[in-house]
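Student: Have a look at the structure that comes next, please.
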Amino acid sequence: MNQISKNTLYTFVLMLFLGIYNSYSQSEQSKINNLISQKITYNEKNKTSAVYKIQIYNGNEKDAYKVKQNFTALYPEYSIDIIYNAPEWKTHVGKFKTRLEADSVLLIINGDYAGAIVLEDKI
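According to my numbering, the residues represented by the sequence shown are 976 to 1098, in order.
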């Protein structure tokens, strides 16, 4: 085989390989784009996000309201909620966007509420 024929054959094989590789890459990209659009649709339908709360009390209703009153007197800067989850009442502090925020407040209140714990909640 002469030199020109070899070069032509190499060029043809290289072009064939690049064409197959390019079509494979485009196919994979369309799959990725499809998955991204499915994820966006899912997120729009299920608009839940995680928040972190600190539970400072778990027990009866009367004591839950006492704990809320005492906590509000000590730490008026934090929101506090009472939640009934049969058969117990829970007193929760704050709605923090990150676990780090909740943990930093937990360190502040831990002296007065030693049994306090951080909980993740979906809203």
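In this text, a Cβ means the ideal position worked out from N, Cα and C, and glycines have one as well. Please read all numbers here as calculations on a predicted model, not as lab measurements.
#1: Using a 10 Å radius around the Cβ and a threshold of 16 neighbouring Cβ atoms, would you call Leu-1081 buried or exposed?
#2: Using the three-state DSSP reduction, which class does Asn-1008 fall into: helix, strand or coil?
#3: Does the beta-carbon distance from Val-1068 to Ile-1029 come in below 7 Å?
#4: So is Thr-983 buried or exposed if we call it buried at 16+ other beta carbons inside 10 Å?
#5: So, is Thr-1066 buried or exposed, given that buried needs 16 or more other C-beta atoms within 10 angstroms?
Tutor: Per the coordinate set shown:
#1: On the sequence shown, position 106 is the one that residue 1081 refers to. The residue in question, Leu-1081, is buried, as its Cβ has 16 or more Cβ neighbours within 10 Å.
#2: Residue numbering aside, residue 1008 sits at position 33 when the sequence shown is read from its first letter. In the structure shown, Asn-1008 sits in a helix (DSSP, three-state: H, G or I).
#3: Taking the first residue of the sequence shown as 1, we reach residue 1068 at position 93. Taking the first residue of the sequence shown as 1, we reach residue 1029 at position 54. Yes, Cβ-Cβ distance for Val-1068 and Ile-1029 is below 7 Å.
#4: Within the sequence shown, residue 983 is the residue found at index 8, counting from 1. Its Cβ having fewer than 16 others within 10 Å, Thr-983 is exposed.
#5: Within the sequence shown, the letter at position 91 stands for residue 1066. Buried, since its Cβ has 16 or more Cβ neighbours within 10 Å.
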